[in-house]
Amino acid sequence: MPVAQHFSTSYAEARRKFGDAAAAAGAKLAEYRSPSKGPGGEALATDVARLGPEGAERVLITLSATHGAEGFCGSGIQIASLAAGFGRQLPAGTAVLIVHAINPYGFAWIRRVTEENVDLNRNFVDHTKPLPRNDAYDELADAICPAEWTDAALAASRARFAAFTAAHGAAALQKAISGGQYSHPDGVFYGGARPVWARQTLERIVGEQLTGARRVGLIDYHTGLGPYGHGEQIVLHPGGSAAYRRAEQWFGTITNPALGTSTSAELQGDNLQGLAAIFARRGIEFTGMALEYGTLSLNEVLDAVRADNWLHHHGDLASAKGKRLKAQIRDAFYCDKDDWKEMLVEQGMRAQQGALAGLAG
Ligand SMILES: [Zn+2]
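Going by the numbering used here, the sequence shown opens with residue 1028, and the numbers climb by one from there.
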């Protein structure tokens, strides 16, 4: 079956295909129900498929839709992998945990954020401590998220961005906008005031499904940064650490925002570092990677995220403009083209095989 057929045009279709593929592969399924509903009133859930024994010592986790709208990518890779027999012949003591749609609200509504308007990959901070500051975001907040979404407002925000770039550089602008902020709940890349449902769910899943695990690998599928179809293998393990070297052995060329080698800005509160802390407390060896596939240019992607934020706070989803902005954000995170999907699956499956071999070694 052509690879493209494993991709979906909606969360509901993706969920159906995932359930079918998991059942056909003989996986054990668990459902974590979301309190939210989809745009058609449909139930939402994070679905988990397990292949391999309970209590396995070595576990590979794959994760889709951390950034909801990016779930078209991760879901397609997960379903294509199951259809290709991934996880059917596992080494002894090894299990695979396929976590489908950890942010089902964002996937269903084609938003990057959760139902709380939170970027799940900025939410894994300790909310009992003072939250990270982002003064540059505060300075640019009304340009990043203008009250009107018109050509004039966009031109004005671009002028502010150009002035900021002239003074501080393009990387500083990217970090200001996308590095995460905790001061504007109705803004973009907002990290939240408390752990959101999706974070609690991911923590519950690793609490319930990894009894007996000693070594864990994780691949989290993302889109929106880098060249079309290219998979950037981003790790957040400190450069030179044992985990960093392990990731290099498993996956080949890796990047790290803190080392200045990634297309991503340096982040705080992402799930990789959040899980690394949890696994460290449990004495589990952890090797995690975000596999980030390129779609459109960075400016197009950031514009789509800002437009979608305006739409959900100030606009009308049913209007012609609303429909146009939803198409814009879908296109920013999902290239509905066969060659793009083939590139995704090929690189995703290679990373999964690398992780399985690494876990066994
Ligand atoms: Zn992402």
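Beta carbons: idealized from backbone N, C-alpha and C, even for Gly. Quick caveat, the model's predicted, so the values are computed rather than measured.
(message) Using only the alpha-carbon positions, how far apart do Ser1102 and Thr1250 sit?
(response) Taking the sequence shown and counting its residues from 1, the one referred to as residue 1102 is at position 75. Taking the sequence shown and counting its residues from 1, the one referred to as residue 1250 is at position 223. Taking the straight line from one Cα to the other gives about 12 Å.
(message) Could you check if His1094 belongs to the surroundings of ligand 1, using beta carbon to heavy atom distance under 7 Å?
(response) For the purposes of this step, residue 1094 is taken as residue 67 along the sequence shown, with counting starting at 1. Result yes, Cβ under 7 Å from ligand 1.
(request) Specify, as a first and last residue, the run of the beta strand (DSSP E) that Ile1281 falls within. (result) By one-based count along the sequence shown, residue 1281 stands at place 254. Segment: none, Ile1281 is in no beta strand (DSSP E) and carries neither H nor E.
(request) Count the other CB atoms, across all protein chains shown, that sit within 10 Å of the CB of Pro1222; report buried if there are 16 or more and exposed otherwise. (result) Mapped onto the sequence shown, residue 1222 falls at position 195. With 16 or more Cβ atoms within 10 Å of its Cβ, Pro1222 is classed as buried.
(request) State buried or exposed for Asp1146, treating a residue as buried only when at least 16 other CB atoms are found within 10 Å of its CB. (result) Counting from 1 along the sequence shown, the entry for residue 1146 is found at position 119. Result: buried.
(message) Rounded to the nearest angstrom, what separates Met1329 and Leu1252 at their Cα positions?
(response) Position 302 of the sequence shown, counted from the first residue, corresponds to residue 1329. Position 225 of the sequence shown, counted from the first residue, corresponds to residue 1252. The amino acid occupying residue 1329 in the given sequence is Leu; Met does not appear at that position. Roughly 10 Å between the two C-alpha positions.
(request) Assuming Thr1121 contacts Leu1338 (C-beta within less than 8 Å), just tell me the rounded distance between them. (result) Taking the sequence shown and counting its residues from 1, the one referred to as residue 1121 is at position 94. Taking the sequence shown and counting its residues from 1, the one referred to as residue 1338 is at position 311. Contact doesn't hold; Cβ gap of about 44 Å is too wide.
(message) What does the alpha-carbon distance come out to for the pair Ala1382 and Ile1129?
(response) Residue numbering aside, residue 1382 sits at position 355 when the sequence shown is read from its first letter. Residue numbering aside, residue 1129 sits at position 102 when the sequence shown is read from its first letter. Taking the straight line from one Cα to the other gives about 21 Å.
(request) Leaving aside the five residues before and after Phe1151 along the sequence, list all residues of the same chain whose C-beta is less than 7 Å from its C-beta, in chain order. (result) Locating residue 1151 in the sequence shown gives position 124, counting from the first residue. Hits under 7 Å: Arg1226, Gly1296, Asp1297, Asn1298, Gln1300 and Gly1301.
(message) I want to check one thing, is the minimum distance from the CB of Gly1103 to the heavy atoms of ligand 1 below 7 Å?
(response) Sequence index remark: in the sequence shown, residue 1103 carries index 76 (1-based). No, Cβ of Gly1103 sits at least 7 Å from all heavy atoms of ligand 1.
(request) Please find out if some non-hydrogen atom of ligand 1 comes closer than 7 Å to the beta-carbon of His1249. (result) Residue numbering aside, residue 1249 sits at position 222 when the sequence shown is read from its first letter. Flag set: Cβ of His1249 near ligand 1.
(message) Quick check on Thr1280: buried or exposed, where buried means 16 or more other Cβ atoms within 10 Å of its Cβ?
(response) Sequence index remark: in the sequence shown, residue 1280 carries index 253 (1-based). Looking at its Cβ environment, which holds fewer than 16 other Cβ atoms inside 10 Å, Thr1280 is exposed.
(request) Look up Pro1254 in the DSSP assignment and say whether it is helix, strand or coil. (result) The residue given as residue 1254 occupies position 227 in the sequence shown. Looking at Pro1254 - three-state DSSP - the assignment turns out to be strand.
(message) Rounded to the nearest angstrom, what separates Phe1268 and Arg1351 at their Cα positions?
(response) Position 241 of the sequence shown holds residue 1268. Position 324 of the sequence shown holds residue 1351. Sequence inspection shows Ser at residue 1268; the Phe mentioned does not correspond to that position. Each residue's alpha carbon lies about 46 Å from the other.
(request) Return the Cβ separation of Gly1244 and Leu1371 in integer angstroms, given the expectation that the two are a contact with Cβ distance under 8 Å. (result) By one-based count along the sequence shown, residue 1244 stands at place 217. By one-based count along the sequence shown, residue 1371 stands at place 344. Gly1244 to Leu1371, Cβ: 19 Å. No contact.
(request) Have a look at Ile1246 and Leu1294 and give me their C-alpha separation to the nearest angstrom. (result) To locate residue 1246, count along the sequence shown from 1; it is residue 219. To locate residue 1294, count along the sequence shown from 1; it is residue 267. One C-alpha to the other measures close to 18 Å.
(message) According to DSSP, is Phe1397 part of a helix, a strand, or is it coil?
(response) Nothing can be reported for residue 1397: it is not among the residues displayed for the chain, which extend from 1028 to 1388.
(message) What ranges does the alpha helix (DSSP H) occupy inside the stretch 1031–1069, keeping only unbroken runs of at least 4 residues that lie completely in it?
(response) 1038–1051
(request) Evaluate Glu1166 with the Cβ neighbour count: other Cβ atoms within 10 Å of its Cβ, from every protein chain shown; 16 or more gives buried, anything less gives exposed. (result) Along the sequence shown, read from residue 1 onward, the residue named residue 1166 stands at position 139. Exposed, by the Cβ-count rule.
(message) Quick check on DSSP: helix, strand or coil for Glu1081?
(response) Start at 1 with the first residue of the sequence shown, and residue 1081 comes out as number 54. Note: Glu1081 maps to coil in three-state DSSP.
(message) Can you give me the C-alpha to C-alpha distance between Glu1058 and Val1233, rounded to a whole angstrom?
(response) Taking the sequence shown and counting its residues from 1, one reaches residue 1058 at position 31. Taking the sequence shown and counting its residues from 1, one reaches residue 1233 at position 206. Going by the C-alpha atoms only, they are around 14 Å apart.
(message) Given 7 Å as the limit, tell me if Glu1275 has its C-beta closer than that to any heavy atom belonging to ligand 1.
(response) Counting from 1 along the sequence shown, the entry for residue 1275 is found at position 248. Because no heavy atom of ligand 1 lies under 7 Å away, the Cβ of Glu1275 does not count as near it: no.
(message) I need the straight-line Cα distance from Leu1344 to Leu1090, nearest angstrom please.
(response) Taking the sequence shown and counting its residues from 1, one reaches residue 1344 at position 317. Taking the sequence shown and counting its residues from 1, one reaches residue 1090 at position 63. Distance between the alpha carbons of Leu1344 and Leu1090 is about 28 Å.
(message) Assuming Val1075 and Gln1260 are in contact, meaning their beta carbons sit under 8 Å apart, how far apart are those beta carbons, in whole angstroms?
(response) For the purposes of this step, residue 1075 is taken as residue 48 along the sequence shown, with counting starting at 1. For the purposes of this step, residue 1260 is taken as residue 233 along the sequence shown, with counting starting at 1. The Cβ separation is near 24 Å, so there is no contact.
(request) With distances taken Cα to Cα, identify the nearest neighbour of His1094 among Arg1273, Thr1314 and Glu1143. (result) Position 67 of the sequence shown holds residue 1094. His1094 has its Cα closest to that of Glu1143, out of Arg1273, Thr1314 and Glu1143.
(message) Taking 7 Å as the limit between beta carbons, can you name the residues of its chain near Gln1355, skipping five residues before and five after?
(response) Within the sequence shown, numbered from 1, the residue matching residue 1355 stands at position 328. So the list reads Ala1331 and Ala1334, once near-sequence residues are dropped.
(message) If the criterion is Cβ atoms closer than 8 Å, does the pair Arg1187 and Ala1199 meet it?
(response) Residue mapping note: residue 1187 aligns to position 160 of the sequence shown, counting from 1. Residue mapping note: residue 1199 aligns to position 172 of the sequence shown, counting from 1. Taking 8 Å as the Cβ cut-off, Arg1187 and Ala1199 do not qualify as a contacting pair.
(message) If I follow the unbroken beta strand (DSSP E) through Leu1124, where does it start and stop?
(response) Counting from 1 along the sequence shown, the entry for residue 1124 is found at position 97. Where Leu1124 is concerned, the enclosing beta strand (DSSP E) stretches over Thr1121 to His1127.
(request) Entirely within the stretch 1137–1209 and at least 4 residues each: give me those alpha helix (DSSP H) ranges in chain order. (result) 1162–1171, 1178–1195 and 1197–1205
(request) May I ask you to check if the CB of Glu1143 is nearer than 7 Å to at least one heavy atom of ligand 1? (result) The residue given as residue 1143 occupies position 116 in the sequence shown. No, Cβ of Glu1143 sits at least 7 Å from all heavy atoms of ligand 1.
(message) Judging by CA-CA distance, which residue of Gly1079, Ser1061, Ser1210 and Ala1194 is the nearest neighbour of Pro1159?
(response) To locate residue 1159, count along the sequence shown from 1; it is residue 132. For Pro1159, the nearest C-alpha among the options comes from Ser1210.
(request) Grab me the residues of Ala1052's own chain with a C-beta within less than 6 Å of its C-beta, minus the 5 sequence neighbours each way, in chain order. (result) Position 25 of the sequence shown, counted from the start, is the residue given in the question as residue 1052. Excluding sequence neighbours, Ala1052 sits near Leu1109.
(request) Report whether the distance from the Cβ of Glu1018 to the nearest heavy atom of ligand 1 is below 7 Å. (result) Any question about residue 1018 goes unanswered here, given that the chain covers just 1028 to 1388.
(request) Would you kindly report the start and end of the unbroken alpha helix (DSSP H) that includes Glu1373? (result) Here the question's residue 1373 lines up with position 346 in the sequence shown. Run containing Glu1373: Asp1365 to Ala1387, per the alpha helix (DSSP H) assignment.
(request) Use the C-beta contact count for Thr1238: other C-beta atoms within 10 angstroms, 16 or more gives buried, fewer gives exposed. (result) The residue given as residue 1238 occupies position 211 in the sequence shown. Exposed, because fewer than 16 other Cβ atoms sit within 10 Å of the Cβ of Thr1238.
(request) Determine the DSSP secondary structure at Tyr1248, reduced to helix, strand or coil. (result) Within the sequence shown, the letter at position 221 stands for residue 1248. Looking at Tyr1248 - three-state DSSP - the assignment turns out to be strand.
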